[in-house]
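Working notes, structure below.
Pasting the structure below:
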């Protein structure tokens with residue numbers, strides 16, 4: 263499978279920093295690389311994230327083609343895409359993150375969907391309203407599911423909730439750990455319609471038979 267043909271290299275590729283960084287919008291002037299702090303940047307932008315990002319190439323076309331991350335990093339390096347949105351409209355609801363994933367020689371690919379509190383609380387908040395810094399309140403990931411090597415298009419589903427009343431942001435995305443290539447198509451975040459028997463907790467699946 264060669265999905266690289268016809269792609270231009272993402273201009274945000276090649277960041278030579280060893281720390282966990284995120285490439286985020288910087289107003290009308292463009293983008294900046296900042297230390298990861300779970301920054302909320304909304305549903306329109308896929309943040310580029312990782313450790314050792316200079317060892318990876320990002321591709322995020324705007325013409326509805328698959329996103330791609332490829333590289334030759336060590337197993338202690340990773341790179342990926344994520345979105346972080348405000349939690350307010352999702353509180354009290356279950357959320358579902360779905361996508362299609364394909365891999366080529368990948369060491370490990372992981373997906374996540376999580377709700378929590380940001381790393382840095384704003385000053386001036388009432389002390390009684392402050393929550394523990396960077397607290398995970400809902401969510402899960404596919405880290406316990408080995409998914410590497412070579413795969414054709416495979417469905418991914420993560421469901422969690424109801425989203426906690428104290429959550430201030432929702433984060434969802436994927437990353438490539440180590441070397442290889444990963445393509446992700448049609449990522450989607452949606453509210454799960456309430457059924458007669460509402461579910462709680464997490465549902466995590468890669469492939470149709472799990």
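Numbering (my numbering), first residue to last: 263 to 472. Even for Gly, the Cβ is constructed at its ideal location relative to N, Cα and C.
- Proximity to residue 401 across 332, 309, 324 and 465 peaks at 465, based on C-alpha coordinates.
- Per DSSP, the continuous beta strand (DSSP E) segment holding residue 447 begins and ends at 441 to 453.
- Counting along the chain, residue 467 sits inside the beta strand (DSSP E) bounded by residues 465 to 468.
- The Cβ-Cβ distance between residue 425 and residue 352 falls below 8 Å.
- Taken through DSSP and simplified to helix, strand or coil, residue 288 comes out as strand.
- Residue 352 sits in a helix when the DSSP states are folded into three classes.
- When DSSP states are grouped into helix, strand and coil, residue 309 belongs to the strand group.
- Under the three-pair Cβ rule at 8 Å, the segment 316 to 335 does not count as touching the segment 403 to 410.
- In the DSSP assignment, residue 416 is bridged to 363.
- By the Cβ-count criterion, residue 421 is buried, with 16 or more other Cβ atoms from all chains shown falling within 10 Å of its own Cβ.
- DSSP, reduced to helix, strand and coil, places residue 370 within a strand of the structure shown.
- Between residue 370 and residue 439, the C-beta spacing is below 8 Å.
- Here DSSP, grouped into helix, strand and coil, assigns residue 316 to helix.
- About 11 Å separates the Cβ atoms of residue 437 and residue 333, ruling out a contact at the 8 Å cut-off.
- Taking a 10 Å sphere around the C-beta of residue 346, we find 16 or more other C-beta atoms and assign the residue as buried.
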